[in-house]
Structure formats: C-alpha cells, structure tokens
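Here's the structure we're looking at; comments come further down.
Protein chains: 2
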Amino acid sequence: MAKKSVSDTVVNERAQHFLKALIERYIRDGQPVGSRTLAKDTGLDLSPATIRNVMADLEEMGLVSSPHTSAGRVPTITGYRMFIDSLLTVQNLNKQEVEKIRKELMLGGGESAEVLKSASQLLSGVTQMAGVVTLTRRDKTSFRQIEFLPLSDRRILAILVTEDGEVHNRILHTHRDFNRSELDQAANFLNKSFAGFDMEVVRQRVLQQLNDAREHFDQVMTNALTMAGEIVNVSENKEDCVIAGQTNLMEFAELSGLVQLRKLFDAFTEKREILHLLDQFLDADGVQIFIGEESGYQLLNGCSVVTAPYQVNEEVVGVLGVIGPTRMDYERVIPVVDITAKILSAVLKKH
Amino acid sequence: MAKKSVSDTVVNERAQHFLKALIERYIRDGQPVGSRTLAKDTGLDLSPATIRNVMADLEEMGLVSSPHTSAGRVPTITGYRMFIDSLLTVQNLNKQEVEKIRKELMLGGGESAEVLKSASQLLSGVTQMAGVVTLTRRDKTSFRQIEFLPLSDRRILAILVTEDGEVHNRILHTHRDFNRSELDQAANFLNKSFAGFDMEVVRQRVLQQLNDAREHFDQVMTNALTMAGEIVNVSENKEDCVIAGQTNLMEFAELSGLVQLRKLFDAFTEKREILHLLDQFLDADGVQIFIGEESGYQLLNGCSVVTAPYQVNEEVVGVLGVIGPTRMDYERVIPVVDITAKILSAVLKKH
DNA sequence: ATTGGCACTCAGTCATATAGAGTGCTAACA
DNA sequence: TGTTAGCACTCTATATGACTGAGTGCCAAT
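One line per chain: the protein sequences are A and B, in this order. Using the working numbering, the first residue of the first sequence is number 1, and each one after it goes up by one. Using the working numbering, the first residue of the second sequence is number 1001, and each one after it goes up by one.
Here you go:
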C-alpha cells in the first residue's frame, strides 16, 4: 500500500504495454526487436534510452531475452504466456470470412468423416499452418442393425450399423464355418434384442449375457453374442484424428531444423501422440492456447497449439485446432479456430 | 569390322567397367569421384592418369560430368540409365530377409487394405526410403449382396458387399422417404437378380434395365435399380494408393531444397499425380526403374522410382515400389521390390 | 523519471591468403 | 599405341582480419 507499490504497478502497466508492442512486432518480422524500433512502434513519445531501461526490466522479469549482446529482444516462453493470457486483443472475423467457412463446411453433405476432413483443410488453408481435428468421444449413438456374411475359410464379415449411419465392418475369424442361415439366425436374434438400444448398453448386455449363456441359451445365441462382442468392441475405440496442411510448417524458418521437422511429421503420421495431446483440451471450454515447450513433448518446441472443443448436440465429442510456430498471429488465429469450432458444431447437429 | 571398330569396343568395355565402379562408389559416398579414388577402387592396377583419360572419354559420351574443374566426376542421368540397364549386378536377398517380409505381410490377416499398408511400410522400412503401393484395377470381383437402410431426411445408407469381402457403403439422397419394407423389397430384388454375377456385368445390366424400366417394371424395381446404379458406380472408381515412410526422404541431402521436398510431400498427400505416374508401369512385367528427370514431372528431379506390378490370381491389379534419391543402392533395392511384389501376390491369392 | 552521450559487444560481410583436391596436357616410356 | 609421370592450372573450402551497423548498458545531465 506504500507509495512504492503503487509506482510499481504503474511501471508494470507500461512495461506490459511495451511487451505487447514488442511481441506484436516480433510476430510480424520474426527478428529481435531493438529499442529504437520499439520507440517508434508504441504511440508514446519516448526515447530509445527509456525503452532500453524498460526492456532491461522485462528481461529481468524473464519475459524477454536477447540472443546476444547487440541484438534486440525476443519474447520468452513466459513472455508469450503473459501476452496470450492478458494482453491479446483478438480481432473479429468479418462476415465474409465466416460465411466462407460455413459454406465450405456445408459441402460435405453431412457425412461426418467428410466434414471433419473439410474442417481440417479449412483451418490449414486459412491460417497457412497445420490444421487438426480429432474425434474422440464418438457420438453417443445407438444400435441399429447388425449383419453377418459368410466369407471363405472360417471368416465372417460382420457389419454393424449405428443410428447415425456410421457403418463399421470387420472380418471375424471363427473356429468353424457357419452357413448363411445360421448367421441370419444370429443376426436376427441380435437385431431383435438390441435394436434402438444405446451402444453402451448393448456392450454391457452382450458381456453380461455371454456370462450366463452356457446355461440358459442355445448355441446360436452364444455364437451370436460372441461375434457381437467382437465387433461391438471394435466400434468403440475408434478414435481418430485428421491432419491437413502439414507441409505448411516447412515454410517457417524457426522450425528449420530438418530433424525437428521430421520428428513432427512422424508424429503426424503416427497420430497417437497428437491425439493424446489434444485430448487434454476436451473439457476446456472455448479456445485454449498452449506453447510447445510447456507440454513436455519436446517435439513441439518452437510450436504453439490453438484448440477449441466442438460438440454434437451439446455434447463435446472432439477438439479442433491449429499447430504452428509459436511466433504465429494469435490475434487472427484465435477467432478462426473459435468460429470454426462453432460452425462445425452447428453443422454436425443432428435432428 | 576394321581394326578400329574392334579396338573401340574394347575401350568401351573397359570404360563401362569404370563407369560401373564410379557409380557404385558415388552411390556409397555421395561425393564426386576422382581419378585417384577410382584407381584404387577397380581391381585393375592402373595409374590415376590413365583413369583420367578414360573419364574424359566418359564425359565426352555424356555419361559423367564434373560439377567444377577440380572436383571428381558425378554420373549423369544417361550414365545412371546405362548403369541400370546393363551394368547392374543385383544381389539376391538372403532367406532370412525374405522370410521376414513374408511374415510381415501375412500378419494383415488377408484383409487387402491392411496388407497393402503393411507392404508399403515394409518397403519403406527395409529401404529407408518412401514405400508406395497402388491399387488401380480393382480385383475383378462379383456381387454378393446389397442392403439398404433408411436414415433420416430422405437419406438411405446403401451397403454393397462384394465376393472378396470388401464392403462399400454410401449415403444416397433420394427424392422421397422410403420405409424399411420398401427398401427390403428393393434389396431382395437386386440380390436375387445379381448375386454371384461379375460386377462389370452387374453394372451393365443395371444401366440397361434402367433404360427399359419405365415400361416393364414396377416402381419398386425402378427405385432399386436407380439406387444400385449409384452405389455400383462408386465401387468402381476407387483407385487407391498407400504411401509410407515419406519422412525418410528428409534425410537425403540431394533433395535438400525445402522447396522441392515440400512439393514432393504435397504430391504425396495429393496422391493423384503419384498414382498416375505409377500406372504407367502396370503393364510392364518385373521390376522397372526410372529416373525422375526422365518423367517430365519436375518434382521428381533427383529421385528415382523402382517399381514392380503385383497380381491377384494371375491378374495385375496394381504396382508397388520405392521412391528415393537417384543416388540409391539399386543393387539392394531392386531385389527387395521384386520379392515384395511376388510375396504380396502370393498373399493376396484368393482360393 | 527521462534523456543524450559514449564506450562496448557482437553478427554479418567483404577481401584476401592458403591448402587441398583434382584436372588436362605433354612428353617420355614400354 | 596404350600407359604413365610430371607439372601447371583451376576451383572449392577454410581461415583470417578489417570494417560496418545495430544495439546495448551505464553514467551524468536535465
């Protein structure tokens, strides 16, 4: 409460202003920002020397650093963090752009796989970075129909259709051959028992009934249940992740190390890691930003990730976002990600 | 027949020997080969000066060239061509490696999509370059069964199963809603009419009958045929192409230009161009090699492609191969591609 | 608190020197 | 006639030093 503390906060406010200017400049040019440049950049009419003093303070606070004695200053990770958390002034997208996104996403015709792909491409196209859309919690849907078709060699093709029109199929290997009518019987039994039920429920029932089966049910039903068990499980863990525009990242000098770039690309084709990473943001609401170094994954050094979750019928089912260099234009990227998530949610809404 | 011509061919034979040695050396080291080095490399006991004379001849013939006056020689495209066409001594793979490939490919469990993916990964893994497998002529297969399921909003899910166990599904948009029994009727009609027929035949019949339909058939059948027409067409043009290990190419200095690398990667995600390129080798039998510059696609400059077609039941359905720097170890890559194609054909054989 | 001035540091650029690799040519040799 | 040794020459790569310009930190003046 003493004079000193008051003056402190005043200094800090101005310092923050400079920090903001510095980072915005750095994002534009990609080069260390010196006192002279910054002096011109901020509206305030101050001499470079003054700026230097402030920059020294900022450096002491760990918000900026200089690559070497006679270079300007560059934001540090914590500098970026502060910028993102409290200094950012996001622009709104103009209606034209919003409309473009909406149109683009409508094209897919409502087929979810298609739409997700468009969304990813859209994100990468608009931002010139890598776009990514994950689909983790599969839309809670219900059992519609199951069919079995005999193939040769004790193999059976199982087709499971869920209410939302997704088709899962899988080849099952059995211990003996089944003929067409046996399979039809099995399918009939299952369809009668489970049609319309929530998939989660189906899963439980199948397991449960399979336990009681030896005593109560005949062979047909046991077989049916066994097969159902297999395919029902498959349809569960189908996590997915669509990435687009990876090659855009090759343009950024800061990720220049071919080694790092390669690791990144490998992670993209592997997908698992990316998926795991983005899943952390499933439950956040609204846009989240995090900076590569904060994640522990060293392969994201120099990168930032901007994400937002999206919904189907009010329920979050995945996240979408953009991966690019930490030196990215957040003020533009944030609204893009935000809007895209909202529009995607709208498009995916089922009636 | 004069003395001169005889001596000429003698010179050429020796020159070819040197060319071979030079290219092999260059493939190993990646650096221009000088006369001294080459003198040691070839078994013959000749002085560097002699070698220089020969190299001058080779240069005159356009088989090698030197980047600058005081560097060694580097093979030219035509040099590589000659090497590949007539100088190459391919090694055979040892049984261990062959066995490894066979095992790896067996894993997929006969699901063709899976197996192709393994093949691609295998090629890239073994050669440390990019592996690619195309599937162009879809296995000539026959109609097994079709099903229609009503979704909401005048959308119908059509599921077509072919004899080889592939499942094609697609959402059809219709001009009015159909109920379950209408759809069942339609499916029944189609299944009875076409079960077991070759897909090509089915396609023709559908079109033909659709023409006659207005007069002879009732509404149900017309609808059925219309729907069948749509999905049958879809199942036709499903060309595909699986690429793996693209990032391996980042390791090669000769493709270092980020720009070229990016173009290459973009082509890989686009796939179309690659597919078109490889299709040229569908009808060649055995391993084919071609050098990027020869193709007209300037994006393959500095690259070579080694391909071999593979079959299902004696019929060629696609090609597989490896894309890497022109400076690649052909003597090893060729047998790998060759064997992989053979094993893949064996694995895909249907009984 | 702000500023001008000044000495200092450091990356980048240019010219120059030097070493090394390799060539082409010529003359000698078998 | 094919092969070889020798030699002058070319060109790259590398190191070196000088110089410039950008930018800093600090001190003393306002």
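Even glycine gets a Cβ: it sits at the ideal position worked out from N, Cα and C. None of these values were measured; they are calculated from a predicted model.
C-alpha of B/Val1098 to C-alpha of B/Pro1032: approximately 34 Å in a straight line.
When secondary structure is reduced to three states using DSSP, B/Ala1071 falls in the coil class, being assigned neither helix nor strand. Proximity of B/Asn1188 to chain A, defined by a Cβ-Cβ separation below 9 Å, is not satisfied. At a Cβ-Cβ threshold of 9 Å, A/Leu157 and A/Arg170 count as neighbours.
B/Asp1153 is not bridged by DSSP to any residue. Pairing A/Gly196 with A/Phe143 gives a Cβ-Cβ distance under 9 Å. Rounded to the nearest angstrom, the Cβ distance from B/Leu1249 to B/Gly1324 is 7 Å, consistent with a contact under 8 Å. With its beta carbon at least 9 Å from every one in chain A, B/Gln1280 lies outside the interface. Taking a beta-carbon distance threshold of 9 Å, A/Ile231 does not count as an interface residue toward chain B.
Between B/Thr1340 and B/Cys1241, the CB-CB gap reaches or exceeds 9 Å. With respect to the 9 Å criterion, A/Lys349 and A/Asn313 are classified as neighbours on the basis of their beta carbons. Around the beta carbon of B/Gln1096, a 10 Å sphere encloses fewer than 16 other beta carbons of the protein chains shown; the residue is thus reported as exposed. In this structure, DSSP gives B/Arg1176 a state outside helix and strand, which the three-state scheme calls coil. Assigned with DSSP and collapsed to three states, A/Thr141 falls in coil, not helix or strand.
For the alpha helix (DSSP H) assignment, the uninterrupted runs of no fewer than 4 residues enclosed by the segment 253 to 333 of chain A are, from N- to C-terminal side, 258 to 270 and 272 to 279.
Here B/Arg1155 is near B/His1173, since their CB atoms are less than 9 Å apart.
Annotation for A/Glu147: Ile159 and Ala187 place their beta carbon closer than 7 Å to its own, counting only its chain and skipping 5 residues before and after.
Chain A has a Cβ within less than 9 Å of the Cβ of B/Met1250.
Among the residues of chain B, those whose CB is under 8 Å from the CB of A/Glu111 are Ile1171, following chain order.
A contact is defined here as three or more CB-CB pairs under 8 Å, and the segment 74 to 86 of chain A meets this definition with respect to the segment 288 to 297 of chain A. Assigned with DSSP and collapsed to three states, B/Leu1135 falls in strand. Per the DSSP secondary-structure output, B/Leu1160 pairs in a beta bridge with B/Ile1146 and B/His1168. B/Ser1181 sits in a helix when the DSSP states are folded into three classes. Per DSSP, the unbroken alpha helix (DSSP H) holding A/Val115 starts and ends at Ser112 to Thr127.
DSSP places B/Asp1041 in no beta strand (DSSP E) but in the uninterrupted alpha helix (DSSP H) bounded by Ser1035 to Asp1041. Linking B/Leu1278 to B/Val1319 through their CA atoms gives a straight-line distance of about 7 Å.
Per DSSP, A/Ala244 lies in no alpha helix (DSSP H) segment; the continuous beta strand (DSSP E) that holds it begins and ends at Asp240 to Ala244.
In the assembly as shown, A/Asn53 is an exposed residue. Its beta-carbon has fewer than 16 other beta-carbons within 10 Å.
Under DSSP, A/Ala130 takes part in a beta bridge, and its partners are A/Ile323. For the segment 150 to 166 of chain A, the beta-carbon criterion of a distance under 8 Å to any beta-carbon of chain B is satisfied by Leu151, Ser152, Asp153, Arg155, Leu157, Ile159, Val161 and Gly165. Look at A/Asp266: its C-beta is under 9 Å from a C-beta on chain B. The beta carbon of A/Thr141 does not come within 9 Å of any beta carbon belonging to chain B, so the residue lies off that interface. DSSP places A/Val347 within a helical segment (H, G or I) once states are collapsed to three. The C-beta distance from A/Met129 to A/Met328 rounds to 7 Å, short enough to fall under 8 Å.
Between B/Asp1338 and B/Val1287, the C-beta spacing is below 9 Å. Contacts between A/Gln145 and chain B, judged by CB atoms closer than 9 Å, involve Glu1147 and Leu1149 in chain order.
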